[in-house]
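A.B. asks: Heads up: the sequence lines are chains A and B, in that order. Taking the numbering used here, I'd label the letters of the first sequence as residues 792 to 1072. Taking the numbering used here, I'd label the letters of the second sequence as residues 792 to 1072. Glycine residues also receive a C-beta, built at the ideal position from the N, C-alpha and C atoms. Shown below is the structure under consideration.
There are 2 protein chains.
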Amino acid sequence: MRSVKIARTIIELNTLLNQYRISSTIGFVPTMGALHQGHLSLINESKMQCNFTVCSIFVNPTQFNDKKDLERYPRTEDEDLKLLKEANCDLVFLPSVLEMYPEPDKRVFDFGTLDKVLDGEARPGHFNGVAQIVSKLFDIVKPTKAFFGLKDYQQVLIIKALVKQLNFNIEIIACPILREKDGLAMSSRNALLNVSERKLAALIPQLMSSIPSLITAGYSFNRILLHFETKFLANGYNLDYLKLANAQTLQIENDFTDNHQQIVLIACFVGKIRLIDNLLL
Amino acid sequence: MRSVKIARTIIELNTLLNQYRISSTIGFVPTMGALHQGHLSLINESKMQCNFTVCSIFVNPTQFNDKKDLERYPRTEDEDLKLLKEANCDLVFLPSVLEMYPEPDKRVFDFGTLDKVLDGEARPGHFNGVAQIVSKLFDIVKPTKAFFGLKDYQQVLIIKALVKQLNFNIEIIACPILREKDGLAMSSRNALLNVSERKLAALIPQLMSSIPSLITAGYSFNRILLHFETKFLANGYNLDYLKLANAQTLQIENDFTDNHQQIVLIACFVGKIRLIDNLLL
């Protein structure tokens, strides 16, 4: 097993990376750490498609609209490095907040509908912070391809729009959601659930996976929404939103159609922990 | 004389440039064309400090707050290429508007005081457009050093702030103002002046260069401003602004001080043509 190289500053990163920039295709997996199998599947995909893989671990303060959420976000650096070493990741970038924000980043981005609905509406400023840090990391790492998980479906569309709006010569690879045995989408936040909350959380994939058969049975989207709300209420946790959208534009839609691909997106609070998931129809 | 390489697309640029990225230091001179000796002095400085020099020619629509100004801005591509060939520039990047803006750039930048005073106030949106295009060009060219003329003093400070705010690993080199025989600061816009306007324009450097002796003579800044206004009025053209500022922060100041370096900045209209100049005290 090769040891994974570690860079904590941009200068260290360039010292380790510059020699590979011409001869190698560089794959990049930006993360906030607390790595799980979902992250590792991105590392593996990068290793399949590129011959040098960089993973960044940085809990980006500017994308947290909720201070408490930022404070409680899990940080497991030693375990993360162990997993990245086992995954044969070539280089890990672990910058400090001051290294990434020597000056406050005052940029305001605009992605039309994409950043105004769903989590863009529920978490004001979240995607602006995501665009700030991802554009900075793209500038610093200068990858050939970057890998993102489809659990954050809206984020993937925004990153693709960012790359187009800023002329980044980077291919964005969207990778499938990985799930626990009970179907719960893998997320660093799952580690924050207590045992009973963790059990309850399984209701999300159960309900989501039931949607196709409910559609076949002729249920309208509003009927399904009502069904979800009842179930969540009965189990005592809060549905933040359940929405139907055009899978390309994320325009919110009222009911199912065969004219274009649609996606159902869900966000809910299990205790204090906010979880999201989605289902492409 | 080597022939200068020409790239009109980002892909062409990378094809020509990638081979030099590791072994060479890349110097970059972004321009809007209509090249004059001032631009060529930036090319020469780049060739002194770097071993591969890229010049971009792109009249950036997003930095023109005045459509008429954009339409009348001089475009002299053939002459520019001839001059760059004579200057032994290695590579010229001549992108189309669609190549630079495949999607509208919706970013809004904020540089504190720097982009709110002087030309930031007189030309709303101008520096936001400058920040958009320069950050895009920096991402595309990825230079070691970039060279800018001090005639656009406020622009130089904003570019330095941009580089810090966005973590660009690029050194910004500010180069002295080049002047015509009669002292007029070299500018592409000078070509738009008719003969009588061109004669009148010499008043700007005459008045600016008189400031140090006026200060020595004990004149206050307001007294000097009045003196300027009278002279301009007498010659029948409009002073847009004459301002005294902190040379580092561009905070506007009311009178001279020895506590820190100051700069006098001027913008005025000779006929329809807006000219700027400055004098570091």
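A/Asn1045 and A/Phe1019 look like a contact to me (Cβ under 8 Å); what is the Cβ gap, rounded to whole Å?
C.D. replies: The pair is not a contact, with the Cβ atoms about 16 Å apart (cut-off 8 Å).
A.B. asks: Where does B/Thr904 fall in DSSP's three states?
C.D. replies: Looking at B/Thr904 - three-state DSSP - the assignment turns out to be helix.
A.B. asks: Touch check for the segment 861-868 of chain B and the segment 811-819 of chain B: three-plus C-beta pairs under 8 Å?
C.D. replies: Taking 8 Å as the limit for Cβ pairs, the verdict is that the segment 811-819 of chain B does not touch the segment 861-868 of chain B.
A.B. asks: Report yes or no: do three or more beta-carbon pairs, one from the segment 1064-1071 of chain B and one from the segment 994-1003 of chain B, lie closer than 8 Å?
C.D. replies: Yes: the two stretches touch, three or more of their Cβ pairs being nearer than 8 Å.
A.B. asks: Chain A partners of B/Val899, CB-CB under 9 Å?
C.D. replies: Simply Lys897, Arg898, Val899, Phe900 and Asp901.
A.B. asks: List the residues of chain A whose Cβ lies closer than 7 Å to the Cβ of B/Lys927, in chain order.
C.D. replies: Those are Leu957 and Asn958, listed as they occur along chain A.
A.B. asks: Assuming A/Ile834 contacts A/Ala798 under a Cβ cut-off of 8 Å, what Cβ separation, rounded to an integer in Å, is found between them?
C.D. replies: Rounded, the Cβ-Cβ distance is 16 Å, inconsistent with contact.
A.B. asks: Flag B/Pro893 as yes if its beta-carbon sits less than 8 Å from any beta-carbon of chain A, otherwise no.
C.D. replies: Chain A, which has a Cβ nearer than 8 Å to the Cβ of B/Pro893, makes this yes.
A.B. asks: Listed in chain order, which residues of the segment 872-890 of chain B have Cβ atoms closer than 9 Å to some Cβ of chain A?
C.D. replies: Within the segment 872-890 of chain B, the residues whose Cβ lies closer than 9 Å to some Cβ of chain A are Glu890, listed in chain order.
A.B. asks: Mind the definition here: the segment 823-834 of chain A touches the segment 969-986 of chain A only if three or more C-beta pairs lie below 8 Å; say whether that holds.
C.D. replies: Yes: at least three Cβ pairs fall under 8 Å.
A.B. asks: Determine the closest residue to B/Gly920 out of B/Glu803, B/Asp901, B/Lys873 and B/Phe938, with distance taken between C-alpha atoms.
C.D. replies: When each option's Cα is compared against that of B/Gly920, the closest is B/Asp901.
A.B. asks: Enumerate in chain order the residues of its own chain whose CB-to-CB distance from B/Ser814 is below 8 Å, with the five nearest sequence positions on each side excluded.
C.D. replies: Same-chain partners within the cutoff: there are none.
A.B. asks: Alpha carbon to alpha carbon, how far is B/Leu807 from A/Val932? Give it in angstroms, no decimals.
C.D. replies: Each residue's Cα considered, the two are about 21 Å apart.
A.B. asks: Counting only C-beta atoms, is A/Asn919 closer than 8 Å to chain B at any point?
C.D. replies: Closer than 8 Å: no.
A.B. asks: With DSSP run on the structure shown, which of helix, strand or coil describes A/Asp1031?
C.D. replies: The answer is strand: DSSP assigns A/Asp1031 an E or B state.
A.B. asks: So the beta strand (DSSP E) A/Lys936 belongs to, where does it begin and stop?
C.D. replies: It spans Lys936 to Gly940 - the beta strand (DSSP E) in which A/Lys936 sits, taken as one unbroken run.
A.B. asks: By a C-beta neighbour count over all protein chains shown, 10 Å radius and 16 as the cutoff for buried, is B/Gln946 buried or exposed?
C.D. replies: Result: buried.
A.B. asks: Could you pull out every residue in the same chain whose Cβ sits closer than 6 Å to the Cβ of A/Asn856, ignoring the five residues on either side in sequence?
C.D. replies: If we look at A/Asn856 and ignore the five residues flanking it on each side, its Cβ neighbours are Arg914, Pro915, Gly916 and His917.
A.B. asks: So, is the C-beta of B/Asp973 closer than 8 Å to a C-beta in chain A?
C.D. replies: By this cut-off, B/Asp973 is not an interface position.
A.B. asks: Using a 10 Å radius around the Cβ and a threshold of 16 neighbouring Cβ atoms, would you call B/Met891 buried or exposed?
C.D. replies: So B/Met891 counts as buried.
A.B. asks: Could you tell me which residues DSSP pairs with A/Cys966 in its beta bridges?
C.D. replies: Paired residue(s): A/Gly940.
A.B. asks: Could you check the C-alpha separation between A/Ser832 and B/Ile961 for me, to the nearest Å?
C.D. replies: Cα to Cα, A/Ser832 sits roughly 34 Å from B/Ile961.
A.B. asks: Please determine if the segment 1050-1059 of chain A and the segment 1022-1034 of chain A are in contact, where contact requires at least 3 C-beta pairs separated by less than 8 Å.
C.D. replies: Yes, the segment 1050-1059 of chain A touches the segment 1022-1034 of chain A.
A.B. asks: Alpha carbons only, please: which of B/Gly1062, B/Phe843 and B/Lys927 is nearest the one belonging to B/Gln810?
C.D. replies: For the residues B/Gly1062, B/Phe843 and B/Lys927, the minimum Cα distance to B/Gln810 belongs to B/Phe843.
A.B. asks: Within 10 Å of its beta-carbon, does A/Gly1009 have 16 or more other beta-carbons around it, so buried, or fewer, so exposed?
C.D. replies: Label assigned to A/Gly1009: exposed.
A.B. asks: In terms of alpha-carbon separation, which member of B/Asn1026, B/Asp910 and B/Gln956 lies closest to B/Ala992?
C.D. replies: The residue with the shortest Cα to Cα distance from B/Ala992 is B/Asn1026.
A.B. asks: Taking only beta-carbon positions, decide if B/Arg812 is within less than 8 Å of chain A.
C.D. replies: Output row for B/Arg812: interface = yes.
A.B. asks: Please list the terminal residues of the continuous alpha helix (DSSP H) segment that includes B/Phe843.
C.D. replies: First-last for B/Phe843: Phe843 to Ile848, but that is the beta strand (DSSP E), not the alpha helix (DSSP H).
A.B. asks: By the three-class DSSP mapping on this structure, what secondary structure does A/Thr822 have?
C.D. replies: Strand, per DSSP.
A.B. asks: Excluding the 5 residues flanking A/Leu941 on each side, which residues of the same chain have their C-beta closer than 7 Å to its C-beta?
C.D. replies: Same-chain partners within the cutoff: Val947, Ala965, Cys966, Pro967 and Ile968.
A.B. asks: Distance check for A/Lys972 and A/Leu1016, CA to CA, integer angstroms please.
C.D. replies: Roughly 25 Å separates the two Cα atoms.
A.B. asks: Quick check on DSSP: helix, strand or coil for B/Lys990?
C.D. replies: Here B/Lys990 sits in helix by DSSP.
A.B. asks: Compare the C-beta of A/Asn1026 with all C-beta atoms of chain B and state if any pair is closer than 8 Å.
C.D. replies: Answer no: the Cβ-Cβ gap between A/Asn1026 and chain B never drops below 8 Å.
A.B. asks: Could you tell me whether the Cβ of B/Asn1069 comes closer than 8 Å to any Cβ of chain A?
C.D. replies: It does not: the Cβ of B/Asn1069 has no partner Cβ on chain A nearer than 8 Å.
A.B. asks: Pick out whichever of B/Asp881, B/Ile848 and B/Val1061 has its Cα sitting closest to the Cα of B/Leu994.
C.D. replies: Ranking the options by Cα distance to B/Leu994, first place goes to B/Val1061.
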